[in-house]
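Novice: Its first residue numbered 0, the first sequence is counted upward by one per residue in numbering that gives the first Met the number 0. Positions of the beta carbon are idealized from the N, C-alpha and C atoms, including for glycine. Dumping the structure here so I can ask a few things about it.
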Amino acid sequence: MYRTLQLQLQARIEALLMERYEISLANLAVELPPKIEFGEMALPVAFELAKRLKKAPRAIAQELQAELAATPGVAAVEIAGAGYLNVKLDRAAMVKRMAADEHAAVGGGGFRLVEHTSINPNKAAHVGHLRNAILGDSFARMLKKDEYKAGWDTGVQNYIDNTGVQVADIVVAMTELQGMSLADVRAWMAELQAAGKRLDYACWDLYAEVSQWYEADAPRVGERRQLRLDTLHAIEAGGNEKAEIAELIATGVLRRHLETMERLGIEYDFLPRESEILHLHFWETARALMVERGVLYLETEGKNKGCWVMRRAISAAAGVELSESGPDEDAKIIVRSNGTVTYVGKDIAYHLWKYGLLGKDFGYAKFREYATHTCWISTTHGEDPHPSFGHADAIYNVIDSRQDDPQTQVKESLRALSYVDESDRYTHLNYAFVGLTARTAEDLGYVLSDEDKAKNFIEVSGRKGFGVKADDLIDRMIAAARKEVEARHPELEEAERAQIAEAIGVGALRFFLLRFTRNTVIAFDYQDALAFDGETGPYAQYAAVRAANIFRKAGVSEEAAMAAVADLDLAEMLVGDEGTSVWEVWLTASRLSLVLEQAIAAAEPAMLARYAFALAQQFNNFYHRHHILTETDEARKMLLLATAAVARRELVRVLGWLGIVVPSAM
RNA sequence: GCGCCCGUAGCUCAGCUGGAUAGAGCGGCAGCCUCCGAAGCUGUAGGUCAGAAGUUCGAAUCUUCUCGGGCGCACCA
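This is how it looks when you write it as structure tokens:
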């Protein structure tokens with residue numbers, strides 16, 4: 000609702016400036032004043048105009064004041080400080096519109112493809128992977144259609160590198176360290192399953208073991224590295240025993256990853272795999288296109304002689320002829336002199352597919368059934384009918400910021416191929432990695448050097464088998480929540496207690512990883528994550544639960560309270576200290592769609608987490624100050640009830656976008 | 001060496017496209033459960049926004065430099 004009025008005010012000012020001064024400004028700021036006494040919206044526009052009009056800001060503000068005051072929904076406009084235009088809204092009118100759930104529309108046309116998780120299917124997921132998946136899942140929820148917004152048609156995919164070196168490492172561990180055949184691997188996996196053991200956990204240890212083994216015997220290091228490469232190539236080629244072992248392990252671990260993520264409410268629509276990118280020859284098609292458009296060329300001299308390299312946008316833009324400038328030594332190698340394609344090359348092909356520019360598609364097979372939809376996986380020859388995901392208008396890749404450079408190269412390649420719009424709508428939703436605090440690292444039994452202790456965080460390492468496994472973390476979060484629930488609600492049924500504990504544990508975890516902005520390195524600490532007080536998920540959940548408790552006892556539904564507001568004479572009840580403290584809840588609640596818009600534009604779910612906390616805090620203040628159930632003035636009681644209802648409604652919505660469920664009790 | 005990111009209260013972090021007296025949580029101290037559940041609320045102490053110069057009516061925010069920290073720079077994936 001705030002955004003609706005903001006847009007109206009902006010349009011009004013724009014028209015006014017054009018009419019009076021024939022000026023149009025690039026951006027008209029309409030901000031939230033630092034204090035409620037200054038009103039609900041502040042315009043510093045007079046400062047902007049002072050120089051151009053050669054007038055004092057205050058004088059300009061005075062000229063605009065009266066006309067702005069005539070805007071619908073505005074109660075008064077005051078001039079403050081050196082020339083601020085402070086807008087006071089018609090509180091009663093706004094409350095009535097909000098009670099009717101009027102709000103700005105969020106959404107648009109086109110298909111948006113969000114890619115996240117993308118964990119190598121060779122070991123258990125850890126906290127770093129959780130940050131990725133939770134960021135991506137929350138962002139997809141922000142985009143998708145739901146009861147609040149039309150949103151965008153959105154697909155969620157999880158890229159599976161099932162033919163990479165990390166999977167090769169596990170195959171080496173199986174065949175060399177364990178001396179297993181394909182049949183042995185099958186038997187081993189069945190054994191694990193029967194014993195209720197997690198395959199991804201077993202692989203976690205094996206991966207650490209084989210990583211050490213490569214380097215353990217100095218004279219044989221070269222030989223073992225070669226073995227690793229040969230295994231990789233066998234897997235890429237397919238149609239042999241090692242490739243079958245890889246397929247078995249990768250698929251098994253992938254299933255485990257999906258189970259882990261489902262515990263956090265994270266689901267996928269499609270799982271494109273590298274094996275299909277290879278076998279369906281995506282790269283060959285992309286290569287032909289790149290050569291045809293002059294983006295890829297054979298280097299004939301210099302250090303990259305014999306390689307196919309990518310013509311860089313800078314030299315292309317400057318119109319530099321290749322022959323004149325000599326070899327571009329910094330050009331990115333796409334095809335090595337031995338004819339094999341690099342990772343970036345494959346990624347370019349894959350991204351052409353995402354935009355429907357490759358002229359090819361995957362085969363599709365059903366892989367997993369969720370409660371509301373099917374998750375598909377890529378195959379060479381798929382089932383019919385099937386959906387297709389390679390027709391995006393905008394894409395979001397949730398990938399660690401250590402991959403900023405390769406991501407930029409893929410983006411640049413699209414630009415060089417003159418897919419400029421596609422390149423512009425390519426968002427690398429990057430984020431800094433997750434380390435561990437020294438305290439948590441030591442709790443996990445890791446021995447720290449003095450150098451480590453001096454650092455702010457300790458980096459996790461899959462190769463060393465060092466890190467916090469996702470399932471362990473989720474288990475501990477839920478167990479901690481359960482302990483609290485048991486103490487507070489011994490009267491509840493076991494099933495309900497379990498459900499509440501799960502909502503709280505997951506809510507705390509998701510909030511913990513979302514409250515940091517993306518480029519902040521997180522030093523993960525068990526003690527901090529398990530805190531359920533202050534700026535946490537449970538704090539926000541608790542506010543919503545408290546609001547619900549009021550309605551249970553009041554004998555009035557939230558809907559009825561909202562509907563009743565339409566007939567009340569509110570103006571008197573929303574002024575003064577008491578009235579303003581009620582109004583501030585509505586004001587904060589009114590900013591929901593504005594904050595959502597900003598969070599989408601910045602691709603920053605943390606903005607919503609901050610907002611959820613602020614709204615919960617606002618509600619808790621209100622809850623403490625106004626005792627609703629004992630209020631004797633019926634009209635006022637109804638307004639207070641509606642206030643609790645609006646806070647709860649928007650809290651449930653914003654938490655929903657963060658993938659956090661409000662439990663039945665706390 | 002080159003490129004990107006960061007430096008804000010004791011600690012962990014916010015601070016929207018420059019705007020009013022720089023905020024929050026945790027921790028500290030002092031209070032609040034005969035009153036809708038205290039996973040809560042109130043009050044209080046605590047900052048040279050790393051440093052310097054510049055642009056601007058106005059800078060934590062933009063520019064340059066210095067200092068300190070992180071990450072990335074393979075014919076690996």
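Pick out the complete alpha helix (DSSP H) segments inside the region 87-124, 4 residues or longer, and give them in chain order.
Specialist: Fully enclosed alpha helix (DSSP H) runs of 4 or longer: 90-98.
Novice: Can you give me the Cβ contacts of V484 inside the same chain, cut-off strictly under 6 Å, excluding the 5 residues immediately before and after it?
Specialist: Taken in chain order, the residues that qualify are R496, I499 and A500.
Novice: To the nearest angstrom, report how far apart D568 and A611 are at their CA atoms.
Specialist: Near 30 Å, if we compare the C-alpha coordinates of A611 and D568.
Novice: Taking 8 Å as the threshold (C-beta atoms), are N85 and A41 in contact?
Specialist: Yes, the pair counts as a contact, with Cβ atoms nearer than the cut-off.
Novice: Can you tell me whether M17 is buried or exposed, with buried defined as 16 or more other CB within 10 angstroms of its CB?
Specialist: So M17 ends up on the exposed side.
Novice: Less than 6 Å between C-beta atoms, sequence neighbours within five positions excluded: which residues of the same chain meet that for G318?
Specialist: Because G318 carries a pLDDT of 43, less than 50, the predicted location of this residue cannot be relied on, and the following value inherits that uncertainty. Within the same chain, G318 has no close Cβ partners at all.
Novice: What does the alpha-carbon distance come out to for the pair L270 and V467?
Specialist: Those two C-alpha atoms are separated by around 25 Å.
Novice: When you compare only the Cα positions, how much space is there between E300 and A605?
Specialist: Going from the Cα of E300 to the Cα of A605 covers about 49 Å.
Novice: Closest to Y200 by CA distance: which of N303, R255, Y349 and F511 is it?
Specialist: That would be R255, whose Cα lies nearest to the Cα of Y200.
Novice: Based on the DSSP output, what are the partners of C374 in its beta bridges?
Specialist: Answer is R367.
Novice: Throw me the rounded Cβ distance for the L295 and R286 pair, which I believe falls under 8 Å.
Specialist: With 8 Å as the limit, L295 and R286 qualify as a contact, their Cβ atoms being about 7 Å apart.
Novice: Looking only at C-alpha atoms, which of I35, F37 and P43 sits nearest to L27?
Specialist: The option with the nearest alpha carbon to L27 is P43.
Novice: Apart from the five residues on each side of it in sequence, which residues of its chain come closer than 7 Å, Cβ to Cβ, to V555?
Specialist: Cβ neighbours of V555 beyond the five flanking positions: L640.
Novice: Between the Cα of E39 and those of L8, R51 and E21, spot the shortest distance and give me the residue it belongs to.
Specialist: Out of L8, R51 and E21, L8 has the C-alpha closest to the C-alpha of E39.
Novice: Tell me the residue span of the beta strand (DSSP E) that contains K452.
Specialist: That residue, K452, is in no beta strand (DSSP E); its alpha helix (DSSP H) goes D449 to A453.
Novice: Curious, which full-length alpha helix (DSSP H) runs of at least 4 residues does the region 479-546 contain?
Specialist: Listed in chain order, they are 493-513 and 525-528.
Novice: Can you check which of these residues, R590, V661, K636 and I659, is closest to V29 by C-alpha distance?
Specialist: For the residues R590, V661, K636 and I659, the minimum Cα distance to V29 belongs to R590.
Novice: Where does H626 sit, in a helix, a strand or coil, going by DSSP?
Specialist: Coil, per DSSP.
Novice: What is the DSSP secondary structure of M173, reduced to helix, strand or coil?
Specialist: M173: helix per DSSP, three-state reduction.
Novice: So what's A285 in DSSP terms, helix, strand or just coil?
Specialist: DSSP places A285 in helix when its eight states are reduced to three.
Novice: So, helix, strand or coil for H385, using DSSP?
Specialist: Three-state result, H385: coil.
Novice: Evaluate contact between the region 79-95 and the region 128-139, counting only Cβ atoms and requiring at least three cross-stretch pairs below 8 Å.
Specialist: Output reads no: the region 128-139 does not touch the region 79-95.
Novice: Who are the near neighbours of W582 in its chain, counting only those whose CB is closer than 6 Å to its CB and skipping five residues on each side?
Specialist: Taken in chain order, the residues that qualify are R90 and L573.
Novice: To the nearest angstrom, how far is the alpha carbon of W203 from that of R197?
Specialist: Those two C-alpha atoms are separated by around 10 Å.
Novice: Among P218, A99, G389 and D216, which one has its Cα closest to the Cα of G154?
Specialist: Ranking the options by Cα distance to G154, first place goes to G389.
Novice: Select from F361, S400, H372 and I394 the residue whose C-alpha is nearest the C-alpha of G381.
Specialist: When each option's Cα is compared against that of G381, the closest is F361.
Novice: With distance defined between alpha-carbon atoms, name the residue in A600, V645 and G575 nearest to I35.
Specialist: Looking at the Cα atoms, G575 is the closest of the given residues.
Novice: Assuming G464 is part of the beta strand (DSSP E), what are its boundary residues?
Specialist: From DSSP, G464 is part of no beta strand (DSSP E); its letter is neither H nor E.
Novice: Inspect the beta-carbon positions of L176 and V209 and report whether they are closer than 8 Å.
Specialist: The answer is yes: Cβ separation under 8 Å.
Novice: Taking DSSP as the reference, what is the three-state secondary structure of L48?
Specialist: L48 falls in the helix class under three-state DSSP.
Novice: Find out if the Cβ-Cβ distance for the pair L513, A608 is shorter than 8 Å.
Specialist: Yes, the Cβ-Cβ distance between L513 and A608 is below 8 Å.
Novice: Of the choices Y354, T379 and P218, whose alpha-carbon is the least far from that of R272?
Specialist: Of Y354, T379 and P218, the residue nearest in Cα terms is T379.
Novice: Closest to P537 by CA distance: which of F511, F523 and Q526 is it?
Specialist: P537 has its Cα closest to that of F511, out of F511, F523 and Q526.
Novice: If we ignore side chains and look at the alpha-carbon of each, how far apart do H350 and G533 end up?
Specialist: Their Cα atoms are separated by approximately 42 Å.
Novice: What is the rounded straight-line gap between the Cα of S663 and the Cα of V544?
Specialist: Taking the straight line from one Cα to the other gives about 7 Å.
Novice: Could you check if A615 is buried or exposed, using at least 16 other CB atoms within 10 Å of its CB as the buried criterion?
Specialist: A615 is buried by the Cβ-count criterion.
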